[in-house]
Structures are given as C-alpha cells and as structure tokens.
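Below is one structure, written out as structure tokens, with a few remarks after it.
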Amino acid sequence: MENINIKNEEVLVKRNSQGELVVTSRQVADHFGKRHADVTEIIRKLTTENSAVKNMMIMSSFQHKGNEYIEYLLTRDGFSLLVMGFTGARALEWKLKYIEAFNQMEEAIKNPYAHLSKELQAIFTLDIEQQRIKSDVKELKEGMPLFNVECKELQALVRKKGIEILGGKVSHAYKDNSIRGKVYSDIQHQIKREFGVTRYEAIKRIQLDKAKEIVNGYKAPYVLEYEIKKVNSQINFGEVI
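Numbering-wise, the sequence shown is residues 13 to 253 according to our numbering.
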C-alpha cells in the first residue's frame, strides 16, 4: 500500500491483488462530502446497468466495530465514472487531487527510484545490472553440459553402485565379466533414458544432482537380479576343498 500526500490532505492509492491501482468508495465518499451508503447505491446501479463496470468497481468489505460492511475498490476508470456526475468547486478540487495521486502512483511504479538522488539512482541501477549479469552467468553455467571431471564423478558413482548391486568385489557376480557388464550397462542406460541423451556429456550441469539421485536409487530389473543371486549362490568347489 502506498500513501500519496497532496496539499496536506491524504489520498490513499493502493494496489489490489491483481496489481491494479485502486481507491476505496469510503475514501471517495468522505472526500467528496457524500454518504457512503449513497455512493455504494450509485455504484450498485452502475454495475447492474453494465456488467463491464464490475471490473472497474470491485466489491469488497471492511470491518468496523466487529461488523462487516460492503465497500468498493475503484480503479482509475471506475473512479472517473463514479465522480463524473459530482459537481461543484469542492468536487473539482478533489477530482484534480485524485488524478494527480493516480499519476504519481503510476510514475512511482514505473520508476521506483525517481525520488532518490541521481547518485543513489546510479547505485541502484548498477546493482540491478550486476544482479542481472550474475543471473545470466549462472543460467549459462547451469545450461552447459557436464564437465569432464563431472562425467568421471558420475562414472565413479555408477561403478560404486554396480559393485553394491553385484554383492561386492569378492562376489561371484562381480567376477563374472558378462554379468558385471550387464549391470554397469543397465545403470548407464537408465541415466541416459531419464535425460534422453546418448552420452553423459549431453547432460546439463544443473541436472548433475538428479543424475546422482537416479544412480543412487537404481535397482536392477528382476531378470538381472535373479541372475546375480543365482551366480552368487553357486559354491566354488575350489574354495571348499
């Protein structure tokens, strides 16, 4: 909410949830010397006659002494439409004040640093530009493919997971070149399937953590798991004798 003071009298202009600049019907009634009930009745008639007006005069409510009452939030067009029929010197004076208040708010939104010194404006402008550059650099880095060292890191994790799935380096399954190759190949294919790539280098740096997560969560398909268990359950008679 933003307050704009004009000639020692306050015109309160705020932004609603849709980002529109609005004033309340209560404030308008008070400034223009009208009963709020009369103002809301005028608004009710206007919105009844033309449904499009509802977008300019938005029904709302306020609390007073524990009771809830209806009020309206008026956009710039809604305000103009409402006070069009208000006449007299006082009405004209307030119309001009509201126009100025809306203008100042719109300008403040377009240029929030307008009230600052040129030196401070330059500092804020430079800071915004630096933040933009940092964001661009970060986006560029994250969008780049994996570095060679990161590919090796992922490959090492695949080997570690493969050893775990096979039952350790001393297991029969690990010593079986065919089964060991199947496990490593399946883990690698799983990673590439997930990212739709044919090689690690095509995975983006921002996706590295996700790739690691996929490897750590890998489970061998049933047919491969069965083959591993079968081989590992075999007795090495050379060791028994």
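A virtual CB, placed ideally from N, CA and C, is assigned to each residue, including glycine.
Per DSSP, the continuous alpha helix (DSSP H) segment holding Asn-244 begins and ends at 234-244.
Less than 8 Å separates the beta-carbon of Thr-36 from that of Glu-83. Annotated three-state conformation of Asn-28 is coil, per DSSP. Here Asn-160 carries a helix assignment [DSSP, helix/strand/coil]. The segment 38-58 and the segment 144-151 do not touch, with fewer than 3 CB-CB distances between them shorter than 8 Å. CA-to-CA, the gap between Gln-143 and Arg-27 works out to about 26 Å. In this structure, Asn-244 sits away from Gly-193, with a CB-CB distance that is not shorter than 8 Å. Under the DSSP assignment, Tyr-84 falls in the beta strand (DSSP E) whose first and last residues are 79-86. For Ser-73, same chain residues with a beta-carbon under 7 Å away, outside a window of 5 residues either side, are Glu-80, Tyr-81, Ile-82, Glu-83 in chain order.
In this structure, the CA atom of Ile-70 is about 27 Å from the CA atom of Gly-100. DSSP places Met-117 within a helical segment (H, G or I) once states are collapsed to three. For the 8 Å CB-CB criterion, Ala-41 and Val-34 do not form a contact. Excluding residues up to 5 positions away in sequence, Val-195, Ala-232 lie with their Cβ nearer than 6 Å to the Cβ of Ile-177 in the same chain. Only residues of its own chain outside the window of five on either side were considered, and among them Lys-173, Ile-199, Gln-202 have a CB closer than 7 Å to the CB of Tyr-230, listed in chain order.
A straight line joining the alpha-carbon of Ile-218 with that of Glu-162 spans about 11 Å. In this chain, Val-40 is not harboured by any beta strand (DSSP E); it is covered by the alpha helix (DSSP H) spanning 37-43. The shortest CA-to-CA distance from Gln-30 to any of Leu-104, Gln-75, Leu-86, Gly-45 is the one to Leu-86. If the five residues before and after Pro-157 are omitted, its C-beta is found closer than 8 Å to the C-beta atoms of Glu-213, Ala-214, Ile-215, Lys-216, Arg-217, all from its own chain and listed in chain order. With respect to the 8 Å criterion, Lys-224 and Leu-169 are classified as neighbours on the basis of their beta carbons. Taking a contact as a CB-CB distance under 8 Å, the pair Ile-226 and Ile-191 does not count as one, their CB atoms being some 21 Å apart. Taken atom to atom, the span from the alpha-carbon of Leu-138 to that of Ala-64 is near 43 Å. CA-to-CA, the gap between Val-235 and Arg-211 works out to about 25 Å.
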